[in-house]
Amino acid sequence: MKFARGTNTLLLFGLVGSCRALLEKRFVSFEPVASLNGTEQVDLANAVVIIDQEDFVGVSIAANSLAQDLAKITGQQSRDVRRINFSQKGKAASNKTQLRLETAIIAGSANSSLVRELVSNGVVDMSEIQGKWESFKTTVVAHPLAGIGRALVIIGSDKRGTIYGIHTLAEQSGQSPYHWFADVPTKKHDSIFAVPGTSVHGEPSIKYRGLFINDEEPALNTWWARCHNATRYPLDSEFYGHVFDLLLRLKANYLWPAMWKSFTPGPGNIFFTDDPKNQQLANDYGIVVSTAHHEPMQRATNEWDETQLGPWDWSKNKVNMTTFMEEGIERAGNNESYITVGLRGLGDEAANTQHAIPMLEDVFSVQREIIKKNYGSETAVNQVWALYKEVASYYDAGLDPPEDITLLFPDDNWGNVYRLPTGAEVDRKGGTGVYFHFEYVGLPRSYKWANTNSLAKVFKELNHAYLRGAKQIWIMNVGDIKPMELPLGFAMDMAWNATNFSFDRIPAYLKAYASREFGDEDADEIASILLEHSHLVGMRRYELVTPDTYSVLNYGEAERVVRRWQNVASRAKVLYARMDEQLKPAFFQLVYHPVVAGALYHTVTVGIGTNYRFALERRNSANAIASQVLADFEASYDLVEEWDAMLGGKWANMMSQAYFDAVEEPKRWAAPSRNIVANLSYVQLRENMQFSLGNLGIRAEGSPLNPTSQGRWAESVDASMPTTAFAPILSPMEPYGSPSRWVEVFMRGDHRVPIRWALDPIPVDWLTILPANGTLSRDTQTDQRLNVTLDWSRVPEGFNDTVLVGVTSTPAPYPYFEQIHIPVRNNRVPASAATRSTFPETDGMVSIESPHFQSSSSSHSSGVYFEAFPHLGSRSESGSIALRPFDAARTSAAKAAWVSYGVYLFSGVPLEATVYINGGLDTDPKLKMEFSLTLDDAPANFTRVLGDYIKHPNAGDIPPEWIDHVADNVWTKRVSLGHAKAGAHKLVWRVNSPEVYMEKIVLHVRGTVRPSYLGPPETYRFPSA
């Protein structure tokens, strides 16, 4: 695909505007650029890449990649890399006289002879990056070396700084980091201009940034074996070469390699021995290799299974285990490593001991002696201790490793960081870091099929880690790498420059991402699609959505969720249909499949729930829904086969993880082994409903009556008379409620016999129901929705009664007759209260999204205030609120800040509220999350968000709410507010910490809040005066 010259000037992060602020300053343009201080632009279209022959191997690898990338971008056959030996003056002079180049790209690390010569000759100034970690500088210069006219010079403060600079040039020129892992095509350009001037990049916000390949069965391992026409094939240097390339292009540097256990055949993945070249290749590229949290001393767990040296039990087999560990350190040699220390049980289990702390103290001592023996000092190599699951409790109980060991705080496997550094932990020599999950196998349910990570939630948790000082390591569990491209890139970009990210910049980030991968034309729409996908998956991960998750009966919840999924999928289909053929594979992987597969998952799963509900109502349409569920089930697998066939089968089996299941045991955590659809229900279409009930069913929106019971339930009752106890009752119509409601009429009898139905004349002239009559049949429609509206300007003042509207249906020996009950409450808020941005009671409740507060405390009094954060909300469409500034809000001043919400009640009642707080854990043992919700002038009543942690055999120390509610992505807290009189009131919200993010408050006024997963949508709010 060829872009016209100049059309992609803002590709990826642009030269101006919000996109630029997110990541790198651009030093490349596709249009001629004016000179700066006498320095002219450099046309890189034919520039030769020059590096020092003696520079790091990784710099040479990156330079080769750059030459290949630029050749693809400009449509050339090849591009040279000149390696010049500057280590001796005579050779340097000799080499320089051979150069006859109009333009060049010169790249080198700070200590290379090439860069030292440039510095000594006054060509470049290194002071801005001298001694910094993984930083680089670009500058355009004239005559940098004899025989070179002009050059773009890229200088790295160290090896990886240079590599990042080289790859950044490739990315800004048109090569995506996901050129191989997501098949993003190279963007073609006739000219590439280095912009006159200087740009400085780095240091990174997080020192070590990377990924953990995990849970590789059945997808990654099967895919790689299939690539080699085998049933089992090791993840070798060919595979890891692609991984290392991706990491460096994402400006990452750290790896926990794949380690999944296998039985067919055993033992499973072993990075160090599956291919002896793996470790050396990592070192050559510049990747720091470590091992997973349960694999100490550069040994894979699967290696122990091969040794047959006895039990993995320190108390019984210390000698053999010590030898095993020492061999790992010896093998690591001089390769750049980050040594995992400590000890857990074999295969990600707790150690089998009743004396864990003294055991680990001994383990640390032995491991440090091994390190000292091999490296000359206990502190000569980086070491990390992961406080994962039960290990955290040992640290909390007082086990404190040596100061130079990095403490790695995990999340809870569900994207809620478990703990963050406090006090002296922030300044410990080894620093602290975070281990974060984008996929997981374990309680309460595995989620590993697709990307179900809300970017706003990811940002929230990682931003807390950054602000609290966990800056040494960020390691992301990405499963098979695919399909986690978006959250992985987001996390690595944030790890590189955390200060340029915020909640409100997420849309701009997504637009920049879309521009980089697909060009500018559709970037806005793609970004919008991805933002909506991020919000939808943030409601609940796919594997945790069951047929009864979303309410079919209340608030139109199931219907609203499915409609949103179908809408975003339709938008992706429109783009895909007209997209350039070269872009389609990448678009399918990064956009189309995530949203279309997500939509189909929900139409199937929610469809099963709807089918069951309709079958209970004896609707004929239950059968059609069952058929549609099966059709969508097949369509979902069509996407799997499309993956397998794409690009000649490049990714066949990569999406082989099953995802549809029928979980009968609530605590069954394992991922499904094969896709199934279960529990579909059917009605007998040729059979009539019981005579006294009739073949016409009626369902009223929000009716407290189960439609299964609608009817007479006695053969002796006159069918021409309306029922009393089992009538369809509509949710109240109110001036501040929904502007319309619906009633459904449906067939529930012999499908061969059409039903004619008609409404009686409506007894009031301000009520409209459309349509007023119709016919239901198997050939036209078996269900019909009636729209109920009111003209409130004509409803009598103070009207509070139920309007009855008759419904007659035939054929029958005589007409069946029923009445729809429509409660109407014309309650009005006085004008004086309406001007105060009040939420009036409606439908027996008030539902408030947190950013819509009426008033707030002054920041001048305490220095702390509440701020609204868009996009962070699984129950709110407008986001969440939390205290800021972050550090100040971690002091006692936090409790002085407040926001209030005006509400208006139409009767005096006891009040309760449900508060929805975005998921998170108590990351500070001395500042556990608290909140206060009070009415009017009542004093603050701070309550813990979470209970005291309890021990769980498979999840470590967790709050009591965790096992049943972590998958909800919110904590719901019920609050009693006492008795309130009719009239205007205010709800006052306070918290004690900046880590408490409130999404929504639902006020229970008359006890009529109906059950639902998301809670009632926000109710009416008077606009601000």
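The sequence shown runs -21 to -1, 1 to 1004 under mature numbering (1 follows the signal peptide of the UniProt record, and there is no 0). Note that CB positions come from ideal geometry on N, CA and C, so glycine has one too. Every value quoted in this text rests on a predicted model; they were computed, and no experiment measured them.
For the pair aspartate 866 and tyrosine 715, the Cα-to-Cα distance works out to about 41 Å. In the DSSP secondary-structure assignment, valine 585 is not bridged to any residue.
Here the alpha carbon of glycine 394 sits roughly 7 Å from the alpha carbon of glutamate 440. One thing to note: histidine 512 has its Cβ no nearer than 8 Å to the Cβ of glycine 412.
Beta bridge pairing from DSSP links lysine 186 with no other residue.
Assignment of lysine 167 by DSSP, reduced to helix, strand and coil, places it in the strand class. Pairing phenylalanine 191 with serine 837, the inter-Cα distance amounts to about 45 Å. Secondary structure at alanine 605: helix, using DSSP grouped into helix, strand and coil. In the three-state scheme derived from DSSP, where H, G and I count as helix and E and B as strand, leucine 489 is classed as helix. Less than 8 Å separates the beta-carbon of valine 825 from that of phenylalanine 818. In its chain, beyond the 5 residues on either side, Val662, Met668, Gly676, Thr687, Arg727 have a beta carbon closer than 8 Å to the beta carbon of arginine 597. Per DSSP, lysine 930 is not a residue of any alpha helix (DSSP H); the beta strand (DSSP E) it occupies stretches across 929 to 931.
Leaving aside the five residues that flank arginine 854 on each side, the residues in its chain whose CB is nearer than 7 Å to its CB run, in chain order, Tyr895, Val949, Glu978, Lys979, Leu993, Gly994.
Listed in chain order, the alpha helix (DSSP H) elements of length 4 or more contained wholly in the stretch 418 to 469 are 434 to 446. Residue burial is scored here from C-beta neighbours: histidine 207 has fewer than 16 other C-beta atoms within 10 angstroms and is therefore classed as exposed. Counting the other Cβ atoms within 10 Å of the Cβ of glutamate 797 gives 16 or more, which makes it buried. Pairwise C-beta distances place the stretch 897 to 905 out of contact with the stretch 840 to 847, as fewer than three of them are shorter than 8 Å. Collapsing the DSSP output to three states places valine 524 in coil.
Residue Ser184 holds the alpha-carbon nearest to the alpha-carbon of methionine 471 among Thr761, Ala130, Ser184.
Here aspartate 762 carries a strand assignment [DSSP, helix/strand/coil]. Nearest to glutamine 287 by alpha-carbon distance, out of Gln277, Met300, Leu387, is Met300. Residue nearest to aspartate 697 within the set Ser719, Leu684, Gly673, Asp253 is Gly673 (criterion: CA-CA distance). Here the C-alpha atom of tryptophan 293 lies approximately 32 Å from the C-alpha atom of phenylalanine 417. Every beta strand (DSSP E) of 3 residues or more that sits fully in the stretch 214 to 278 is shown, in chain order, as 233 to 235. Going by DSSP, proline 707 is part of no alpha helix (DSSP H) at all; its letter is neither H nor E. Under the Cβ criterion (8 Å, minimum of three pairs), the stretch 496 to 514 counts as touching the stretch 563 to 575. Annotation for threonine 141: the continuous alpha helix (DSSP H) segment containing it runs 138 to 152. In the displayed model, arginine 804 falls within a strand according to three-state DSSP.
Shown here for lysine 408: same chain residues with a beta carbon closer than 6 Å to its own, the five before and five after excluded, namely Glu382, Asp383 in chain order.
Under DSSP, leucine 890 forms a beta bridge with Gly957. Taking 8 Å as the cut-off, the beta carbon of isoleucine 350 is found closer than this to the beta carbon of valine 360. The way I'd put it, the stretch 599 to 608 does touch the stretch 723 to 742; three or more beta-carbon pairs between them come closer than 8 Å. When C-alpha distances from proline 337 are compared across Val363, Ile308, Glu305, Tyr373, the shortest belongs to Tyr373. By DSSP's assignment, asparagine 779 forms a beta bridge with Arg804. Its chain contains Asn314, Glu315 as the residues whose beta carbon lies nearer than 6 Å to that of asparagine 262, once the 5 sequence neighbours on both sides are disregarded; these appear in chain order. Linking valine 268 to alanine 237 through their CA atoms gives a straight-line distance of about 11 Å.
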